[in-house]
Every structure is written in C-alpha cells, then in structure tokens.
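Chains as they are written, first to last, in the numbering used here: chain A, 1 to 354; chain F, 1 to 354; chain L, 1 to 354; chain S, 1 to 354. Only one structure is covered here, and it is reproduced in the block below.
There are 4 protein chains.
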Amino acid sequence: MAGNSFGQLFRVTTFGESHGKALGGIIDGCPAGIELDLERIQLDLNRRKPGQSSIVTQRKEPDTVEIYSGIFEGKTTGTPIGFAIHNTNQKSKDYSHIKDSYRPSHADYVYDRKYGFRDYRGGGRSSARETASRVVAGAIAKQFLHGVQINAFVSQVGGMKLDKPYQELDFSKIESNAVRCPDTEMAQKMEDYIKSIKKEGDTIGGVITCVIQNVPVGLGEPVFDKLHAKLGEAMLSINAVKGFEYGSGFAGVAMKGSEHNDAYNADGTTKTNRSGGVQGGISNGMDIYFNVAFKPVATVLQSYETINKDGEKVITQGKGRHDPCVVPRAVPIVEAMAAMVLADYSLLARTNKI
Amino acid sequence: MAGNSFGQLFRVTTFGESHGKALGGIIDGCPAGIELDLERIQLDLNRRKPGQSSIVTQRKEPDTVEIYSGIFEGKTTGTPIGFAIHNTNQKSKDYSHIKDSYRPSHADYVYDRKYGFRDYRGGGRSSARETASRVVAGAIAKQFLHGVQINAFVSQVGGMKLDKPYQELDFSKIESNAVRCPDTEMAQKMEDYIKSIKKEGDTIGGVITCVIQNVPVGLGEPVFDKLHAKLGEAMLSINAVKGFEYGSGFAGVAMKGSEHNDAYNADGTTKTNRSGGVQGGISNGMDIYFNVAFKPVATVLQSYETINKDGEKVITQGKGRHDPCVVPRAVPIVEAMAAMVLADYSLLARTNKI
Amino acid sequence: MAGNSFGQLFRVTTFGESHGKALGGIIDGCPAGIELDLERIQLDLNRRKPGQSSIVTQRKEPDTVEIYSGIFEGKTTGTPIGFAIHNTNQKSKDYSHIKDSYRPSHADYVYDRKYGFRDYRGGGRSSARETASRVVAGAIAKQFLHGVQINAFVSQVGGMKLDKPYQELDFSKIESNAVRCPDTEMAQKMEDYIKSIKKEGDTIGGVITCVIQNVPVGLGEPVFDKLHAKLGEAMLSINAVKGFEYGSGFAGVAMKGSEHNDAYNADGTTKTNRSGGVQGGISNGMDIYFNVAFKPVATVLQSYETINKDGEKVITQGKGRHDPCVVPRAVPIVEAMAAMVLADYSLLARTNKI
Amino acid sequence: MAGNSFGQLFRVTTFGESHGKALGGIIDGCPAGIELDLERIQLDLNRRKPGQSSIVTQRKEPDTVEIYSGIFEGKTTGTPIGFAIHNTNQKSKDYSHIKDSYRPSHADYVYDRKYGFRDYRGGGRSSARETASRVVAGAIAKQFLHGVQINAFVSQVGGMKLDKPYQELDFSKIESNAVRCPDTEMAQKMEDYIKSIKKEGDTIGGVITCVIQNVPVGLGEPVFDKLHAKLGEAMLSINAVKGFEYGSGFAGVAMKGSEHNDAYNADGTTKTNRSGGVQGGISNGMDIYFNVAFKPVATVLQSYETINKDGEKVITQGKGRHDPCVVPRAVPIVEAMAAMVLADYSLLARTNKI
C-alpha cells in the first residue's frame with residue numbers, strides 16, 4: 001500500500017535509502033525450479049551501476065548483490081528471494097548543505113510535508129539508487145521469461161533523435177557504447193553532446209525505447225489491468241520519467257481508423273503493428289514496443305537560488321556526484337520493469353481457463 | 001487480480017458486458033458521511049452516454065444508475081456501494097457477423113486465444129461500455145474530493161491541436177459544445193472535421209488534457225506507486241488510449257536541467273510548473289496536468305478484409321452504431337479515473353505519520 | 001481493504017444491507033469455460049434462505065439470484081460475474097425501536113462509533129443477510145472445484161454433541177432434516193431442543209463440522225497464507241462465529257508428539273489424520289476437517305435493559321423475525337466459504353513451479 | 001500472493017530459510033515519526049531465541065537484528081524498514097538423513113510435491129525459525145501502538161490447564177519463569193512436566209492465551225475482514241497452531257443468548273465480556289482475549305518408521321536440536337502477530353469517515 005511493492009503474483013518489494021547501510025528487496029512468488037545464473041544478475045547491475053563511464057555519476061559503488069534465501073543448489077525453491085546490496089561509498093557530508101533547504105524539482109519539500117521530516121542524505125528513499133534493487137528483481141524475472149527478448153536502448157538525447165524503425169537496428173550494438181544507442185554513429189554524437197552538457201554543469205533529458213519480442217498471446221487483463229497500462233505504470237514509476245507511449249502512441253492520434261488498423265495474416269499475426277503488440281490490453285504475439293521520456297536530472301552543478309524550511313531565500317551551489325543524463329544508466333531499469341510486468345502476467349495467465 | 005478492480009483504499013470493481021443484462025460495480029472503502037448528490041452522478045453519466053449528439057454513437061441507452069446499498073438518509077454509510085445500469089438497447093443481432101471472425105485492431109482474437117471463447121456481442125467485456133461504471137464511481141469520488149477541481153477537455157482531434165496553455169482557457173466552456181473543447185472556435189472546427197470523417201465511414205484519434213487544481217501536498221507514494229504512475233496507469237486502462245504524459249512530458253526531454261527546474265517561491269509554491277504538480281511521485285500542491293492520447297476507433301463503417309477462426313480470409317462490412325471519434329465522450333471517463341486515483345491517495349495519505 | 005472482498009485470484013466482493021434494495025456481489029477471476037448449473041446455485045441459496053422450516057426465522061424472502069454478466073451460452077467467460085438478490089420482504093418499521101438504542105452483543109454501538117452513524121434497519125451491513133451473496137459465490141466455486149467434495153453439517157447444538165467420527169456418518173442424510181445433522185436420531189433431539197429454546201424466546205449456540213474430500217496435494221502457501229489459516233479466517237468472518245479448530249484441534253494439545261504424528265503409507269497417504277489434511281499449511285491429499293463454533297444469536301425475544309445514544313438506560317422488548325439457533329442455516333455458508341478458499345488456492349497452485 | 005506478506009497498510013514481508021545465510025523482512029507502511037527503541041526489538045527477539053533455557057532447543061543463535069533502512073536519527077521515516085538476522089549456527093549436516101525421506105507430520109512431503117524439490121536443511125522455509133522476522137516486525141508494531149497492552153502467556157501444557165480468569169493473574173510474572181506462565185506455582189509444574197517429556201525424547205502441546213487492553217473502539221472491518229477473523233488467521237499462520245477461539249469461544253456454544261449477551265453500562269462499556277472485545281468484527285473498547293492451541297512438536301528424538309521419495313519404508317532416528325514444547329518460545333510470536341493485526345487496523349480505521 002505504501003507503494004514499495006510491485007506486481008501481484010511475481011511480487012517485488014524493495015527497501016533502502018541512497019546513503020543508508022544497504023538497499024535490497026524480496027521477490028515473492030518466483031516459481032520454483034528456475035536455474036538461476038547469478039552472473040547475469042550482476043551483469044545487469046553493472047550496466048546500471050555508477051562510475052561505469054565518463055558520462056555517468058562518478059560515485060564508486062561495486063553494487064554487489066548478496067542473495068540470502070530462496071535459492072538452493074542453484075535453483076529457485078518457490079520461497080521468497082531476499083537480497084541486499086550494501087552501500088560502501090556514502091559521502092553523507094556532501095548533503096549537509098541541503099539538510100534544511102529544498103532543491104528545486106527534487107522531492108525534498110514534499111517529503112518534509114508528507115512525513116514531517118526526511119532522511120536528506122542523497123535524496124534518501126527518493127534517490128534513483130533504489131532502482132538497483134529493481135534491476136536484481138528484473139534480472140531474475142528475465143530468467144523466468146525464458147525465450148522472451150527484452151531490448152531497451154536510448155533513442156533520443158535532448159533534441160537528438162534516432163529516427164529509424166527499430167527493425168533496422170542491431171540490438172547487439174546497444175552495449176558497444178557508453179550511451180546504449182544501437183546506432184553507433186548516433187551514439188557518438190549523443191555521447192559528445194552529453195559531455196558538452198556535463199562541462200556546463202548542466203543536464204539533459206532523453207528517451208528510451210523498449211522492444212519485447214516472442215511474447216506469448218494472452219498476457220494482460222481486459223479492464224483496469226491492461227498489459228500496456230501496467231507497463232506504463234511500471235515505466236512512470238522510474239525516477240525522472242515524464243511520459244509513456246506504446247505502439248503508434250501520440251502520433252497515432254492523427255491517423256484515421258482505416259489507416260491505423262492492423263490487418264490480419266492467416267496465422268493471426270498482423271501485417272502492420274500499430275497496436276504495439278497489445279489489443280484490448282492483451283498481448284497478441286506481435287512485438288511490444290514503447291517509448292519512455294526522461295526529464296533532465298534536477299541536480300545541476302551550478303549555483304541556484306531556493307528556499308529553506310522557514311521559507312527563507314538561500315543561494316546554493318549544486319554539488320555531489322551526479323549524472324548529466326540519466327538515460328544510459330536507465331536502460332537496464334526499463335528492461336527490469338518490463339520483465340517484472342511480463343513475469344507477473346505470465347503467471348496470472350495460467351489462471352484464465354479451467 | 002483478474003483486473004476488474006481499481007484502487008486500494010477507495011476500491012472500485014466493475015462487471016458487465018456491452019450486450020449483457022446490466023453493467024455495474026461496487027465501491028468499497030468510500031468513507032462514511034459524504035452527502036451524496038445523486039443527480040451529479042447521473043449528470044456525469046449523461047456526459048458519457050451514447051446518443052447525446054450527432055458526433056457520437058447513436059445507440060440509445062438511458063444509462064440510468066440504480067444504487068443498491070451503502071447510502072442511508074442521503075449519506076454514505078462506509079459500507080460498499082453496489083450499483084447497476086441496466087442495458088435496454090442491445091441489438092445483439094448486429095454482431096452475428098463477427099461471431100466467427102476477428103475485427104482488425106479489436107480484442108476479438110486475443111479474447112478467443114486467452115479464454116477459449118468469447119461473448120462476441122458488441123465486444124463483450126472489451127467494449128468501452130464498461131466505462132459507464134467507472135463514471136459512476138468517479139462521480140462519487142469527486143464528491144468525496146470536496147474542493148479539488150478536476151477538468152478534462154479535448155485538446156486535439158486528428159492533426160488539429162489546441163496550442164494554448166490551459167491557464168488561458170475558460171473551463172466553463174467545456175460543456176458548451178459537442179466536442180468538449182473549451183476554445184469554442186477550435187471546437188467548431190473539430191466538430192466539422194469529425195462530421196466529415198464520419199461521412200467517410202472513418203474514424204479519427206484525439207487527445208484529452210486534464211487539469212487538477214487545489215490538490216493538497218503529500219498525495220502519492222515514493223517508489224512504485226508514484227502519483228503520476230498511478231494516474232498514467234488509470235488513463236492507459238481506458239479503451240483506445242496509446243500514451244500519457246504529464247507536466248513537461250515528451251517535450252521536456254529536450255530541455256536542460258537548468259531550464260527545466262521549477263524555482264521555489266517563499267511559500268513552497270513554484271514559479272514555473274514543469275513538474276506538473278508532482279515531485280518524486282508526490283503532489284506538491286501545484287496544478288497537476290497531463291495529456292492522454294486516444295487512437296482512432298477501430299470500427300470503420302467500410303468494407304475490409306480479415307480472417308475467421310479457421311484462419312480463412314473473409315470480407316466484412318463494418319456496421320453497428322459507433323463513435324467516429326472517441327474523445328468527446330471520453331472526457332468524463334478521464335475525469336472519473338483521475339478522481340478515483342486522488343480519492344485513493346487521499347485516504348492513503350492519512351496513514352503517513354503517527 | 002474495507003473488508004468486503006475475499007480471495008485473491010478467485011475474488012468475491014459483496015454489497016448490500018439487510019433492508020436495502022438488494023444484496024449482491026462480483027466474482028472476479030473465475031476461470032473461463034466452466035459450464036454453470038444455475039439451479040445448483042439457487043439450491044444452495046434455498047438451503048440458507050429464511051422461512052425454510054419452523055426452527056428458523058420466518059422472514060419470507062425468495063432469495064432469487066439474478067446474474068448480470070460473466071456467463072455466455074451457459075459457460076463462464078473469464079470476465080466478472082455480477083449478481084444481485086433483491087430484497088422483497090423488508091419490514092423496516094420493525095427496527096424503529098432500535099434506531100437510537102444499542103442492542104446488547106450486536107454491532108449497533110461499534111458501527112455508530114466507527115462510522116458516525118448507521119443504517120439501523122435490521123442490522124444493516126452487519127446482518128447475516130449479507131451471507132446470501134457468499135452462498136452464490138460459493139456455489140460457483142464448488143462447480144469450479146469439480147471432484148472435490150465439501151460437506152458441512154451440524155455436530156453440536158447447545159450442550160448436545162454428536163460424538164461420532166465423521167467417517168461413521170452418512171452425509172446423504174444431512175439434508176433429510178431441518179437441523180442438518182446427518183445422525184437422524186440426534187437431529188430429532190436437536191430439533192426438539194431448538195423448539196423449546198424458541199418457545200422461551202431465547203437462543204442457543206452450536207457447532208458446524210466441515211469435511212473436505214478429494215483435495216489435491218499442494219494447496220496452501222507456506223508462511224502467512226497457510227491453507228488452514230485462510231480457512232480459519234474464512235470461518236471466523238461468518239457472523240456469530242467464536243472459534244475454529246482443524247484436525248486434532250484443541251484436543252491435540254494434550255497429546256504427545258509420538259502419539260500425534262501421522263505415520264506414512266507407501267503412497268504418501270497417512271495412517272492417521274490428526275493433521276487434518278494440512279501439513280505446514282499445505283494440503284497433503286488427506287481429508288480436511290474442521291469445527292466452527294457459533295455463539296447463541298444475540299436477539300432474544302425477551303425484555304432487556306440497554307442504553308441509548310446518550311448513554312441513558314432504556315428497557316426494550318426484543319422483536320422481529322429471528323433464528324433461535326443459527327447453525328442449520330449456516331451450513332451452506334460454511335461450505336461456501338470453504339469452497340471460495342479452495343478455489344482461490346487451486347488457482348494459485350498453478351503458479352508454484354516453472 | 002505467495003503468502004510471505006501479512007497486513008495491508010502495515011505490511012510485513014519476510015524471507016529466509018532455517019539454514020540459509022540470513023532471515024529477514026521488510027515492513028512497509030510503518031508511519032513516520034515513531035521514536036524506535038531498538039533494544040525493545042532485541043528484547044523480544046531474545047524471548048523467542050533458541051537456547052534461552054533448558055526447556056527449549058539448544059541451537060545457539062544470537063539472533064541479532066540488523067536494520068538497513070527506514071530509520072533516521074532514531075525515528076521511522078515512513079519508508080520501508082528492511083532488516084536481516086544472519087544465521088550463525090547452522091548445522092546442515094544434521095539434516096542429511098532427511099534429504100530423501102519424509103518426517104511424519106512435517107511439511108517435507110508436501111513441499112516436494114508442491115515445488116518439485118525442497119531445501120531440506122532444517123525444514124527450510126517451513127521451519128519456525130521464520131518467526132524471528134515476525135517478532136522484529138511485531139516489536140515495531142508494538143511501539144507504534146503506544147498505549148495498547150498486549151500480554152500473551154502459557155495457559156496450558158499438555159493436560160495441565162491454568163483455570164483462573166485472566167483478571168486474577170499478574171502479567172508482570174510472565175517473564176519470571178522459563179514457561180512464561182504468570183501463575184508461578186503452575187509454571188513450576190509445567191516446567192517439570194516439560195522436562196519429563198524431554199527426557200522421554202518426546203514432545204507435548206500447549207495453549208497460549210493473549211489479552212489485549214486499551215484498544216480503541218472501531219478497529220476491524222464489518223464483513224470478511226472482521227478483527228477477530230484476522231487475529232484468527234494471524235494465529236493460525238504460526239507453526240504448529242491447530243485452533244483459535246476468542247471471547248466465550250467453544251464454551252459459548254452451550255450458552256443461551258439471554259445468558260451470553262453482554263449488557264451495557266452507561267459509558268458504552270459492558271458488564272460482562274463474552275464478546276471478547278469485538279462485536280460484529282469491530283473492537284468495542286473492552287479487553288480482547290483469545291486462546292491459541294499448539295500441537296506437540298512433530299520432531300521426537302525417538303526411532304520411527306517413515307517413507308522415502310520412492311515410497312520405500314525407512315527407519316529413522318529423530319535427532320537435531322528441538323523444542324520439547326513450543327509454547328514458551330511462541331509467546332512473543334503470538335504477541336507479535338497480534339500487534340501486526342492491530343497496527344494494520346489502526347491505520348485502516350483512519351479512513352472510515354470523512
């Protein structure tokens with residue numbers, strides 16, 4: 001209820017603050033019998049972790065996950081998987097300057113108003129550091145979703161937009177560059193741009209596109225819990241996300257029904273895929289694809305004016321170790337959330353019929 | 001779990017098919033002591049009901065709601081509010097032609113695959129007729145949310161886009177025209193355009209913008225259940241929706257952090273509102289605003305080719321009574337879902353502190 | 001959350017007050033493809049309905065259920081099953097005398113304190129009339145649980161206790177008498193006793209025993225949601241229930257482990273069944289059996305002293321149409337709740353393994 | 001859903017196996033602003049921990065809890081409280097003899113059938129070691145429930161029953177003896193009896209009574225989620241529990257309504273309290289009291305015959321470190337579960353009225 005859980009049958013609950021002792025979580029409902037490759041979990045964590053390249057935050061965290069339960073002789077047992085990632089590189093002192101003041105477009109003010117006070121160190125619970133736990137859960141969900149391919153990548157940074165249909169991209173190139181854009185030429189431009197933004201002490205937004213292939217027909221529930229509604233909720237729950245669209249998305253608005261409709265092939269596949277792999281909230285077996293918009297990171301390394309708890313004006317200098325652009329590190333988070341949604345609906349789909 | 005409920009503390013569960021005996025629902029968790037104005041519920045139903053103007057479906061349904069429980073001497077009692085809307089104008093025969101074939105971009109095919117068979121009359125449960133129940137629940141939620149103003153309106157039809165900031169619009173004009181666009185000049189153009197589309201037997205998409213004012217600070221939960229994530233899920237659960245963005249949305253991607261950040265006034269309000277009234281998933285007291293993209297209705301009154309259950313090609317003529325553009329009738333649905341989300345989080349916010 | 005739903009995957013939500021327009025509910029998550037025998041639903045309702053014999057309340061209600069959705073061509077569709085039972089024999093005037101006073105051992109006082117006021121007619125939502133909706137849901141759950149046999153019966157009335165092991169009883173005799181005790185001799189004694197209690201204007205308690213046979217191995221979850229914990233919760237949620245025990249129950253306390261343990265046969269069945277069909281919260285395939293204790297009905301048709309809203313002493317005469325002993329009519333309710341629990345866990349058990 | 005969570009607004013999720021690396025959990029929904037006394041948490045853990053006296057298991061575990069999040073400057077922050085208890089004294093080798101065979105009246109067989117295999121070390125997830133996490137959560141719930149007194153104690157061991165009304169007992173004596181019975185004379189007899197049972201290599205059952213005082217009026221929900229139904233579920237979810245009764249319980253069955261009813265005093269309290277502090281599922285401000293029946297521990301240190309995975313007969317010698325009687329250590333577990341239920345309903349009660 002307090003919103004630290006996601007999913008119903010494949011249910012993930014996370015805990016942990018940016019500068020606390022540890023982050024972690026519990027995965028409840030993961031079916032028994034999955035042979036877990038623990039290295040693949042760590043691999044996804046490494047894709048998200050700070051300090052991996054020059055265009056991301058330089059906080060040094062190994063982000064090593066410890067699994068406490070739910071696995072025996074290499075396989076999931078059906079009991080809850082508890083895990084933790086210990087924080088090692090907290091520099092809480094970096095944050096004493098914001099103890100009593102509110103950083104613009106951060107959650108400082110609303111936390112104080114909602115809870116009466118807050119753990120101000122590094123944003124506390126509102127920090128995107130929480131998403132490390134999601135990546136662990138997502139990496140396990142991916143292994144459960146044997147055969148389903150989930151590929152997310154950066155398709156826009158600032159005004160720079162990759163305008164190719166995903167079918168023309170080579171997903172194997174995503175990890176070949178620091179930006180995680182599968183078009184290496186565009187990736188280079190984006191990287192240069194992020195570096196120039198960073199030099200200004202500023203930040204910039206971006207878009208992540210996600211493509212999910214080999215999804216079975218029938219995932220998703222017809223009314224409130226439509227598959228794309230839950231995917232949308234999942235993506236919007238990631239820090240800094242401002243928008244979600246799937247299939248034809250916002251552009252589909254301007255089309256006529258006769259143009260927009262996806263005609264059927266004899267085998268139930270469709271000739272076009274403006275539906276984005278979902279019809280009436282239920283997967284139809286075609287590729288699911290969607291875009292996720294991220295705003296520019298709020299922490300700029302510039303001087304700015306804001307207020308303190310007493311409503312007095314204060315001048316502050318942005319500092320700390322921050323990302324100039326969040327999308328390169330958010331790619332595995334988008335994948336993780338998508339995997340969690342699909343795992344949940346895959347289990348639920350087992351209950352549809354007698 | 002099967003997805004026919006929405007909300008946790010203010011929890012709405014709906015039932016009913018397009019051409020069954022009745023639609024309806026149960027609202028559980030509505031606090032005791034609300035003096036309910038039943039006419040306002042019916043009024044919202046009338047805004048959604050078919051046959052209200054020449055640019056919507058001509059199915060004739062009075063959509064009269066009967067309330068069975070949960071109200072005593074004009075006030076909510078704290079016990080569940082059960083209600084039903086009886087269907088009176090079913091023309092099931094209209095649908096015998098689709099019994100064995102799959103309409104493109106409809107849920108026919110996925111229902112058959114998911115459940116083994118389907119109630120094919122009028123789309124059954126996948127019909128937007130289900131949203132009548134949501135409007136009832138939303139109208140009750142609105143009365144609970146005393147003081148909060150929720151105004152949705154049509155801001156785009158096809159390529160025609162209302163490019164004014166919402167602050168310049170007069171919301172009292174929304175109901176003055178069939179399109180539900182507060183700019184009466186633009187409304188006329190949109191209406192003419194929808195009529196021309198209808199004449200072609202075709203359909204067109206649109207965008208609804210929703211503005212929520214006077215929201216208290218502190219609604220929303222920090223991690224998975226961010227306020228905007230739940231609003232997004234709510235909107236994406238409405239039939240035909242393809243996208244959701246709030247605050248700066250997709251356009252915010254191209255901004256720098258130094259431009260995008262909302263500076264504080266001394267009283268905790270912000271000078272700009274690119275955050276869209278939500279920071280870190282929690283309402284900050286500023287206006288919440290968002291856009292919802294609707295695709296063109298899939299049923300076109302034209303001849304088209306599709307497949308039947310056996311994968312054989314069939315030529316069908318679209319018929320029945322359908323909307324050429326769904327957004328005018330979807331305005332009260334968007335409001336209803338927004339009200340349900342806010343009611344839920346308002347109750348939850350009572351539990352944050354000792 | 002407000003407690004009008006039961007179950008997670010097979011989820012039942014009910015509404016309705018004793019003297020409102022209608023009672024009813026929604027079953028969400030019932031799998032598609034069950035051929036429903038509607039007469040069997042009505043039959044269970046008839047076993048619960050008032051006026052069926054001289055030892056139960058004489059309120060005359062046909063208790064006819066109307067099903068609004070979720071069934072098509074005789075089969076469940078996988079979409080929610082909405083239903084209502086219209087009240088026809090409300091005599092609200094019977095209750096004007098309790099409008100401002102609190103009947104002892106009824107919920108009048110706590111409702112007023114919890115909600116600020118109450119629908120006082122016939123106990124409103126706290127009336128056991130609500131359980132009619134549970135019987136509908138349970139009757140559908142039973143049909144889903146094809147092959148599982150659920151038999152509840154009266155095993156004690158006041159101090160009169162049927163002291164035979166259930167294996168020696170003939171369940172086909174349960175419906176042969178008004179008390180619903182399968183031992184016809186004992187049934188006669190119980191009936192005579194209830195009649196004498198009724199003549200005094202008094203009431204008496206009783207025990208219902210329930211035996212569930214042919215349960216598959218593996219239903220129930222290991223920690224908080226143990227199968228017997230959920231059965232216990234289900235039974236304790238029935239009006240007037242004061243206790244629950246399964247297997248060896250309270251008597252098992254006095255046994256030694258070496259006596260109490262159930263030794264295995266080669267096929268995994270056990271030689272004895274003190275476990276009551278559940279080990280570690282999970283069904284082991286043996287018969288599940290349990291006892292449910294019901295207190296005497298609080299409404300006695302005698303004069304009594306109580307207080308009104310202002311804390312003033314008032315003398316009241318109990319009146320209305322009430323049961324002298326609740327257990328004969330509660331038999332189908334116990335079965336219904338058991339069926340709902342088993343249906344829920346049957347669906348959940350499909351998700352245990354890859 | 002997989003049953004490792006308890007509560008809705010004050011929600012506890014646990015993980016961990018008997019012989020895994022660590023046990024632990026997450027408390028989500030604990031309100032902000034509680035000044036937590038961490039020593040009181042450890043104190044309750046110590047009351048549950050093994051090795052505390054000669055009549056409990058001699059496994060040596062310090063059971064030291066580490067709290068990872070959700071607390072800042074001594075107070076709860078409103079964010080999830082993650083915690084772990086590291087196992088230090090696992091002797092997994094003790095269990096190699098049961099790897100392939102099924103101990104009678106244990107969960108070994110059903111786990112294998114449900115999940116396909118199991119972590120057999122010390123019962124894995126089915127071990128009562130899991131309840132250490134509940135005690136942590138309960139100890140925090142108790143601190144939230146400022147002013148409410150929860151006292152559980154042993155009222156029966158085998159056939160030895162403490163037959164005094166709880167009002168005549170001195171709760172301050174509960175911790176004065178190893179059995180946790182407030183009547184020191186009876187406690188001595190019980191202790192001697194348990195020692196004699198232990199000497200035989202056998203085990204014995206018992207009853208724990210729990211009394212909750214100073215409960216506000218209005219906790220509990222009227223229909224399925226009655227306060228006593230949830231208390232019953234909570235208690236039945238504890239390992240080895242076979243029965244639950246509250247207020248007049250099973251004995252109330254034999255009373256007449258005119259005797260059983262609790263007459264009101266002018267202030268809304270009642271002269272008697274057969275209702276056990278709950279009417280219609282809602283607390284009425286009187287003392288809540290209930291009994292919980294525990295069966296004898298299944299592991300006896302004797303030789304016994306059972307079957308292995310292939311259904312072959314095997315003769316085994318019970319070994320390991322086990323409790324001859326579980327009730328002394330279960331006292332803090334009963335209190336913890338009661339506290340969790342009350343904390344949950346206390347939060348929910350904030351949402352009843354406008």
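All residues carry an ideal CB built from backbone N, CA and C; glycine is no exception.
No Cβ of chain S is located within less than 8 Å of the beta carbon of Lys199 of chain L. Within the same chain, and ignoring the five residues on either side of Gly243 of chain A in sequence, the residues whose Cβ sits closer than 6 Å to its Cβ are Ala293.
Every alpha helix (DSSP H) stretch that sits fully inside the stretch 234-321 of chain F and reaches 4 residues is listed by chain position as 257-260. With respect to the 8 Å criterion, Gly116 of chain A and Ala32 of chain S are classified as neighbours on the basis of their beta carbons. Between the beta-carbon of Lys309 of chain F and that of Asp100 of chain F there is about 5 Å, and that keeps the pair under the 8 Å contact cut.
For a Cβ distance threshold of 8 Å, residue set Gln279 and Gly280 of chain A lies close to His106 of chain F, ordered along the chain.
For Asp267 of chain F, at least one C-beta of chain A is nearer than 8 Å to its own C-beta. Restricting attention to S:Ile150, S:Asp192, S:Leu301 and S:Gly82, the CA atom closest to the CA of Ser172 of chain S is found in S:Ile150. Neighbourhood of Asp119 of chain A in chain S, by CB distance below 7 Å: Phe72 and Thr77, in chain order.
Membership of Leu23 of chain L in the beta strand (DSSP E) is indicated by the continuous run Ala22 to Asp28.
Counting only runs that start and end inside the stretch 142-228 of chain S, the alpha helix (DSSP H) elements of at least 4 residues fall at 184-199. Listed along the chain, the chain F residues whose CB falls inside 7 Å of the CB of Glu221 of chain A are Ala2 and Gly3. Among the bridge pairs identified by DSSP, Ser5 of chain S is matched with S:Thr13. Between the stretch 115-131 of chain S and the stretch 271-278 of chain L, the count of Cβ pairs shorter than 8 Å is below three; the stretches do not touch.
Segment contact: the stretch 312-329 of chain A against the stretch 194-202 of chain A, three or more CB-CB distances shorter than 8 Å; contact assigned. Nearest to Asp344 of chain S by alpha-carbon distance, out of F:Phe224, F:Ile81, F:Asn352 and F:Ile194, is F:Asn352. Bridge partners of Lys353 of chain S according to DSSP: F:Ala32.
His146 of chain A has a beta carbon lying at 8 Å or more from every beta carbon in chain F.
Residue burial annotation: Ile307 of chain A is buried, with at least 16 other C-beta atoms found within 10 angstroms of its C-beta. Excluding its 5 nearest sequence neighbours in each direction, Gly122 of chain S has C-beta neighbours in its own chain below 8 Å: Glu17, Ser18, His19, Gln90, Ser92, Asp94, Tyr95, Arg129 and Gly320, listed in chain order.
With a threshold of 8 Å between beta carbons, Phe15 of chain L makes contact with chain F. Contact with chain A is found for Leu9 of chain L, since one of that chain's Cβ atoms lies less than 8 Å from the residue's Cβ. Remark: three or more beta-carbon pairs, one from each stretch, lie closer than 8 Å, so the stretch 131-143 of chain F and the stretch 6-16 of chain F are flagged as touching. Counting only Cβ-Cβ distances below 9 Å, Ala229 of chain F has no contacts in chain L at all, with the closest Cβ about 19 Å away.
The three-state secondary structure of Ile41 of chain F, taken from DSSP, is helix. For Gly33 of chain F, the chain S residues whose C-beta falls within less than 8 Å of its own C-beta are Lys353 and Ile354, listed in chain order. In the same chain as Tyr120 of chain L, and ignoring 5 residues on each side of it, the C-beta atoms closer than 8 Å to its own belong to Tyr95, Ile98, Lys99 and Asp108, in chain order. Around the Cβ of Thr88 of chain L, a 10 Å sphere holds fewer than 16 other Cβ atoms; the residue is exposed.
With a cutoff of 8 Å on beta-carbon distance, His260 of chain F and Gly252 of chain F are scored as near each other. Rounded to the nearest angstrom, the gap between the Cα atoms of Lys313 of chain A and Val217 of chain F is 21 Å. For Ser96 of chain F, no Cβ of chain L is located within less than 8 Å of the residue's own Cβ. Here DSSP, grouped into helix, strand and coil, assigns Glu335 of chain F to helix.
If you ignore the 5 residues before and after Ile67 of chain S, its C-beta comes within less than 6 Å of the C-beta of Phe83, all in its own chain and listed in chain order. Pro165 of chain L sits exposed, since fewer than 16 C-beta atoms from the chains shown fall within 10 Å of its C-beta. Taking C-beta atoms as the reference points, Ser133 of chain S and Gly285 of chain S fail to come closer than 8 Å. Contact with chain S is found for Leu347 of chain F, since one of that chain's Cβ atoms lies less than 8 Å from the residue's Cβ.
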